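Here is the structure we will look at, set down as structure tokens.
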Amino acid sequence: MRRRDGQQSQALIEFALVSPVLLLLLFGVVDIGRAIFYYDTINHAAREGARTAVRASNQLPTNADVLTTVSTQMLGAPITAPCPQGPVTGATPAQNSGWLYITEPSPPASVEGSPLPNAPGGEYSSSASGSCSAVNPASGNAQLQVTIRFNLVLITPIVAQATANHVIITAAAIFRTEY
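Heads up: the sequence shown begins at 2 in the working numbering, then just goes up one per residue.
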């Protein structure tokens with residue numbers, strides 16, 4: 002009897018030593034899967050948003066149309082457009098949410114007073130205000146870039162701490178307007 006009890010105790014101790022490593026690997030795989038899922042989803046949403054921004058129709062698209070398309074593609078993850086025409090900053094969006102920008106290709110990191118075409122054709126021109134660039138609607142087959150910055154918070158504690166509790170995923174798509 003004693004020999005059997007000793008073996009059970011040994012197995013329990015071995016499991017206690019190995020289980021944290023196994024759980025860390027399991028949650029790490031889940032985090033990697035989430036990151037790949039969001040990377041693919043964000044890239045797809047950026048392409049669909051760019052298609053919406055450049056399409057020619059009876060009513061030219063607006064920033065709100067692009068935001069609606071991107072939000073639909075993001076499957077419930079919140080997306081906002083605090084300064085849709087930029088600048089695209091290095092600031093971090095809220096946890097598990099993203100920011101949408103509709104700009105000229107290779108947008109600057111500072112406010113622009115007179116930018117290249119940087120908005121869908123349905124927008125009205127306006128001057129720079131506060132920390133947001135001026136709005137210059139696209140026309141004449143100009144290129145527009147749709148950029149999404151998403152802040153993914155990982156669920157694995159050790160990995161989340163190593164990444165400062167966030168991973169920024171950025172996707173951009175550039176299309177030429179049809180109008």
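All C-beta atoms, glycine included, are put in the ideal place defined by N, C-alpha and C. These numbers were taken from a predicted model, which means no experiment stands behind them.
C-alpha gap between N137 and N59, whole angstroms: Rounded to the nearest angstrom, the two C-alpha atoms are 20 Å apart.
Cβ shell of S98 (< 6 Å), same chain only, five flanking positions each side left out: Counting only Cβ-Cβ distances below 6 Å, and skipping sequence neighbours, we find P79.
Pairwise C-alpha distance: A95 and E124: Looking at the two C-alpha atoms, the distance is approximately 27 Å.
Through-space distance from A17 to Y102, alpha-carbon basis: Y102 and A17 have their C-alpha atoms some 49 Å from each other.
Supposed contact pair F28 and I156 - C-beta distance, whole angstroms, cut 8 Å: Right, the Cβ-Cβ distance comes to about 6 Å (below 8 Å), so this counts as a contact.
Three-way DSSP call (helix, strand, coil) for S98 in this model: It is a strand residue.
Nearest to A120 (by Cα), restricted to the options I170, P109, V112 and A143: When each option's Cα is compared against that of A120, the closest is A143.
Contacting residues, own chain, Cβ-Cβ under 8 Å from M2 (five flanking each side not counted): The predicted model places M2 with a pLDDT of 49, which falls under 50 and marks its position as unreliable, so this point remains unresolved.
Inter-stretch contact (C-beta, 8 Å, three-pair minimum) for the region 145-153 and the region 31-50: Verdict: yes, contact present.
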